[in-house]
Amino acid sequence: MLLDSPLVWAEVDLKAIAHNIRELRRVTNPKARFMAVVKANAYGHGIIEVARQLLENGIEALGVANIEEGIQIRKDGIYAPVLIFGYTSPVHAKKLIEFDLTQTVFSCETSEKLSQAANAYGKKIKVHIKVDTGMGRLGLLPGRLRLSKYDKGTKDSSVSEVESISRLNMLELEGIYTHFATADKADRTYAKNQFEIFMDFLNRLRAAGLEIPVTHAANSAAIINMPETHLDMVRAGISIYGLYPSEEVDRSIIKLKPAMELKTKIIHLKKVPAGFKISYGTTYETEKPTTIATVSIGYADGLNRLLSSKGRLLVCGQSAPIVGRICMDLTMLDVGEIQEVVMEEEVVVFGKQGNASITVDEIASTINTINYEVISTIMERVPRIYITT
11 MLLDSPLVWA
21 EVDLKAIAHN
31 IRELRRVTNP
41 KARFMAVVKA
51 NAYGHGIIEV
61 ARQLLENGIE
71 ALGVANIEEG
81 IQIRKDGIYA
91 PVLIFGYTSP
101 VHAKKLIEFD
111 LTQTVFSCET
121 SEKLSQAANA
131 YGKKIKVHIK
141 VDTGMGRLGL
151 LPGRLRLSKY
161 DKGTKDSSVS
171 EVESISRLNM
181 LELEGIYTHF
191 ATADKADRTY
201 AKNQFEIFMD
211 FLNRLRAAGL
221 EIPVTHAANS
231 AAIINMPETH
241 LDMVRAGISI
251 YGLYPSEEVD
261 RSIIKLKPAM
271 ELKTKIIHLK
281 KVPAGFKISY
291 GTTYETEKPT
301 TIATVSIGYA
311 DGLNRLLSSK
321 GRLLVCGQSA
331 PIVGRICMDL
341 TMLDVGEIQE
351 VVMEEEVVVF
361 GKQGNASITV
371 DEIASTINTI
381 NYEVISTIME
391 RVPRIYITT
């Protein structure tokens, strides 16, 4: 239940998301379809509300991590094409059919089992084949990346596998794609090599008489920096939410607006003397008399514990250092240098306050991680408030 005045909340600016889509569209090949990636609760922004906003702004398809996310979208009355990137067990074939979800496959064995399972329900399952061109995660390996013992003979075994999948009666082979490992780096040599491997594989498939309707490869970084990879469809994730994939992406090409701000409130204030110890483990001790503010956010909300005695929040438009260890539900700040702090004062974890700001990228840098992690780990117990005007 969302209270009128929560103690911790995330503000999601849907106008910023619409702006980001326009910017991404501007640099995308106009012939390419646009898939928006909404996995992990739309990178923490709220999967249903964000999906609706995306579709209102012309997005043609949605990408999710698993079948549960796909079903959630369907149950909320969203009927755009949905591609599941991860593995779905054939035991869930009925759900894939019932909710009209498109499944990624990356082996003959699983594809055969999925087709057999679908046969019991008399309806085909739409699939995209994922090709591993150098990510080393999920995907069918093209022939040139396989060990030689797997490729003896006159025909590329990976082409034969795709042919076998295409012949399965209860699968509809709709697309084929790959994923870049380094498109967000300044040196895109490896990503370009991945793309060359993918295109070579597609050409081999065509030579064998296989023309798969939808080919796709470009993620956010490739949309921005590798226009040659746009193909039939692009897949945008982090950039939709106003964040760049890395510091090495050319930010002059598109101007993104962060869509989320995370906020909390002061729920306790107390003056303490010098030498006063703060929080679990008593790892922090005040150097002089000061005022400590306790705010209603902790690591169970998504405020990373690695920010303990390292990070800062904004109070009255000024920086207030985090002191002591971040707790599950609470965090302490030193506000001794800030005038006129009062109970229930609004505190910004990331976002803007007055002329000051804290970016998601700053937080990520402080704890040696990536901006993706900072936003996608904002917990569901934190209410999202959507800004539409």
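One rule links them: number in the numbering used here = place in the sequence shown (from 1) + 10. Note that beta-carbon positions come from the ideal geometry of N, C-alpha and C, so glycine has one too.
C-beta contact flag for residue i and residue j at 8 Å
i: Leu181; j: Ile135; result: yes
i: Val141; j: Tyr187; result: yes
i: Thr387; j: Gly346; result: no
i: Thr120; j: Leu93; result: no
i: Ile233; j: Thr38; result: yes
i: His226; j: Leu215; result: no
i: Ile107; j: Gln82; result: no
i: Val392; j: Asp311; result: yes
i: Leu34; j: Ser249; result: yes
i: His55; j: Met270; result: yes
i: Val48; j: Arg245; result: no
i: Leu343; j: Ala303; result: yes
i: Val137; j: Leu183; result: yes
i: Ile348; j: Ala330; result: yes
i: Pro268; j: Gly291; result: no
i: Ala20; j: Arg394; result: yes
i: Val325; j: Tyr294; result: no
i: Leu323; j: Val305; result: yes
i: Thr114; j: Gln204; result: no
i: Pro100; j: Lys123; result: yes
i: Glu171; j: Leu150; result: yes
i: Gly364; j: Gly327; result: yes
i: Arg43; j: Met243; result: yes
i: Val74; j: Gly80; result: yes
i: Pro299; j: Lys281; result: yes
i: Val384; j: Ile373; result: yes
Three-state secondary structure (DSSP) of residue i
i: Met209; result: helix
i: Leu64; result: helix
i: Gly73; result: strand
i: Val48; result: coil
i: Thr398; result: coil
i: Ile83; result: helix
i: Gln113; result: strand
i: Thr120; result: helix
i: Gly163; result: Interpretation of Gly163 is limited by its pLDDT of 47, a score under 50 that renders its predicted location unreliable; the figure taken from the coordinates is listed afterwards. Coil.
i: Ile222; result: coil
i: Ile264; result: coil
i: Val18; result: strand
i: Leu2; result: Because the chain here runs from 11 to 399, residue 2 falls outside it and cannot be looked at.
i: Ser367; result: strand
i: Tyr290; result: helix
i: Arg177; result: coil
i: Leu151; result: coil
i: Arg315; result: helix
i: Glu295; result: strand
Extent of the continuous beta strand (DSSP E) run through residue i
i: His278; result: Met270 to Val282
i: Ser329; result: Gln328 to Pro331
i: Lys140; result: Ile135 to Val141
i: Val358; result: Glu356 to Gln363
i: Ala303; result: Thr300 to Val305
i: Glu184; result: Leu181 to Thr188
i: Leu93; result: Val92 to Ile94
i: Leu106; result: First-last for Leu106: Ala103 to Glu108, but that is the alpha helix (DSSP H), not the beta strand (DSSP E).
i: Thr341; result: Thr341 to Asp344
i: Arg245; result: Met243 to Ala246
i: Val392; result: Where Val392 is concerned, there is no enclosing beta strand (DSSP E), given that its DSSP letter is neither H nor E.
i: Leu324; result: Arg322 to Val325
Endpoints, alpha helix (DSSP H) assigned at residue i
i: Asp371; result: Val370 to Thr376
i: His29; result: Leu24 to Val37
i: Tyr382; result: Asn381 to Ser386
i: Ala232; result: Ser230 to Asn235
Supposed close pair residue i, residue j - CB separation, criterion 8 Å
i: Tyr53; j: Gly361; result: At roughly 16 Å, the Cβ-Cβ gap does not stay under 8 Å, so Tyr53 and Gly361 are not in contact.
i: Val351; j: Leu266; result: In fact, because the Cβ distance is near 33 Å, the residues do not count as touching under 8 Å.
i: Ala201; j: Met236; result: 7 Å
i: Tyr418; j: Val22; result: Beyond the ends of the chain as shown, which are 11 and 399, falls residue 418; an answer cannot be given.
i: Gly308; j: Ile288; result: Gly308 to Ile288, Cβ: 14 Å. No contact.
i: Val2; j: Ala218; result: In the structure displayed, the chain extends from 11 to 399; residue 2 sits before or after that span and is not available.
i: Asn381; j: Val370; result: 5 Å
i: His102; j: Ile77; result: 6 Å
i: Ile27; j: Gln63; result: 5 Å
Review point. Touching or not, the region 168-182 and the region 217-236, by the rule of three or more beta carbon pairs under 8 Å?
Key: yes
Review point. If you pair each beta-carbon of the region 347-360 with each one of the region 266-280, do three or more pairs fall below 8 Å?
Key: yes
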